[in-house]
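Peer 1: One structure follows; several queries about it will come next.
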Amino acid sequence: MVPAARSAPSWPAPASDRERFAIRVELAIVLVITFASSGLSAALSLLESALAPGGISGQKVALNPSRATQSTIDLLFQLLSVTRLLVWGALGLYLLWRSGIGPRLLGLARIRLRGDVAPGLVLAAVIGLPGLGLYLAAHALGLSVTIVPSSLHDHWWRLPVLVLSAIANAVAEEIVVVGYLITRLRALGWTENRSLAASALLRGSYHLYQGLGGGLGNLVMGVIFGRYWQRTGRLWPLILAHATIDSIAYIGYTALHGHVSWLP
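If you count by this note's numbering, then the sequence shown holds residues 1119 to 1382, one letter each, in order.
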């Protein structure tokens, strides 16, 4: 359950048109570096899948593929991907901190069991279980590619790297797409609903490589996550929920694939 709405913190507001222009430039740079370019790439991937023989449902997308045949080099490639995502999140935090908005205002103060961990697990269940059902339904209808959460070889480091990847995805997406983006749009005078729509649409766009079902499912996730943060001001539950969903998907697929009939 989402806690009752609380009064929003006093976010530092731009004092001049020049500062507003600077924020717009900063937003453009950050989003192009991170998730806006990923959204365009995902849209092109969706178009390619639709035009390929067999259509969308005939394509496969690996979320965590092996990058090299040699184990140590593959591990280094995987850690490099994790590091890049964590740096995206750190960039969002740093730019906000430079403007007077520290991690505490974003809801990244000391993590709390009842205030952060418990809601995070509830959000993971609320999003994860229907999300799996939506994926299976979309795949059956030919609206989703076959998603392979992990195709890593059976190295000793496979499971730890999958968990690290899940955490890095959660940190990057929730900090940049929710905390950073909505905060910057607030400073530009956008309404909460308009900012929420922009955040959710961005989240849906860079998941279009999964097909229309994946894009729609993540758009809904973006609405729920973004509204939760707007109402509570706590970002930890979103990071925990996202990391939990991805960890279960990655490890669950590794354990179940080939052993159950319902998993594509």
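All C-beta atoms in this analysis are idealised placements derived from N, C-alpha and C, irrespective of residue type, glycine included. Since the structure is predicted, the reported quantities are computational estimates derived from the model, not experimental observations.
At what residues does the alpha helix (DSSP H) containing Ile1141 begin and finish?
Peer 2: By one-based count along the sequence shown, residue 1141 stands at place 23. Looking at the DSSP string, the run of the alpha helix (DSSP H) that includes Ile1141 is Asp1135 to Ile1151.
Peer 1: If we count Cβ pairs, one from each stretch, closer than 8 angstroms, do we get three or more for the segment 1159-1169 versus the segment 1249-1258?
Peer 2: No, because fewer than three Cβ pairs between the segment 1159-1169 and the segment 1249-1258 fall closer than 8 angstroms, the two stretches do not touch.
Peer 1: Excluding the 5 residues flanking Ile1357 on each side, which residues of the same chain have their C-beta closer than 7 angstroms to its C-beta?
Peer 2: For this step, residue 1357 is matched to residue 239 along the sequence shown. If we look at Ile1357 and ignore the five residues flanking it on each side, its Cβ neighbours are Ala1288, Val1289 and Glu1292.
Peer 1: Who are the Cβ neighbours of Trp1089 in its own chain at under 8 angstroms, not counting the five residues just before and after it?
Peer 2: Summary: the structure shown does not reach residue 1089, with the chain confined to residues 1119 through 1382, and so no result is reported for it.
Peer 1: Take every Cβ of the segment 1228-1244, pair it with every Cβ of the segment 1318-1329, and state whether three or more of those distances are shorter than 8 angstroms.
Peer 2: Short answer: they don't touch.
Peer 1: Would you kindly report the start and end of the unbroken beta strand (DSSP E) that includes Ile1265?
Peer 2: Sequence index remark: in the sequence shown, residue 1265 carries index 147 (1-based). Thr1264 to Val1266 is the extent of the beta strand (DSSP E) around Ile1265.
Peer 1: Relative to the alpha-carbon of His1273, which residue among Leu1261, Ser1184, Gly1172 and Gly1376 has its alpha-carbon at the smallest distance?
Peer 2: Within the sequence shown, residue 1273 is the residue found at index 155, counting from 1. Here the closest residue by C-alpha is Ser1184.
Peer 1: Can you tell which of Arg1136, Leu1239 and Arg1202 has its C-alpha closest to the C-alpha of Ile1366?
Peer 2: Residue mapping note: residue 1366 aligns to position 248 of the sequence shown, counting from 1. Ile1366 has its Cα closest to that of Leu1239, out of Arg1136, Leu1239 and Arg1202.
Peer 1: Any chance the segment 1310-1319 sits against the segment 1142-1154, with 3 or more Cβ pairs inside 8 angstroms?
Peer 2: Flag = no, the segment 1310-1319 and the segment 1142-1154 do not touch.
Peer 1: For Val1150, count neighbouring Cβ atoms within 10 angstroms of its own Cβ and tell me buried if that reaches 16, exposed if not.
Peer 2: Working through the sequence shown from its first residue, we reach residue 1150 at position 32. Val1150 is exposed by the Cβ-count criterion.
Peer 1: For Ala1154, name the three-state secondary structure that DSSP assigns.
Peer 2: Counting from 1 along the sequence shown, the entry for residue 1154 is found at position 36. In this structure, Ala1154 counts as helix in the three-state DSSP scheme.
Peer 1: Which partner residues does Val1179 have in the DSSP bridge list?
Peer 2: Here residue 1179 is taken as the residue at index 61 of the sequence shown, counted from 1. Partner(s): Ile1265.
Peer 1: Give every residue of the same chain whose Cβ lies closer than 8 angstroms to the Cβ of Leu1254, excluding the five residues on either side of it in the sequence, and list them in chain order.
Peer 2: On the sequence shown, position 136 is the one that residue 1254 refers to. Excluding sequence neighbours, Leu1254 sits near Trp1380 and Pro1382.
Peer 1: Is the segment 1344-1356 in contact with the segment 1265-1281, if contact means three or more CB pairs nearer than 8 angstroms?
Peer 2: Touching, no, given that fewer than three Cβ pairs across the two stretches are closer than 8 angstroms.
Peer 1: Under 7 angstroms Cβ to Cβ from Leu1211, same chain only, skipping five residues before and after it: list those, please.
Peer 2: On the sequence shown, position 93 is the one that residue 1211 refers to. Correct list, in chain order: Pro1221 and Ile1293.
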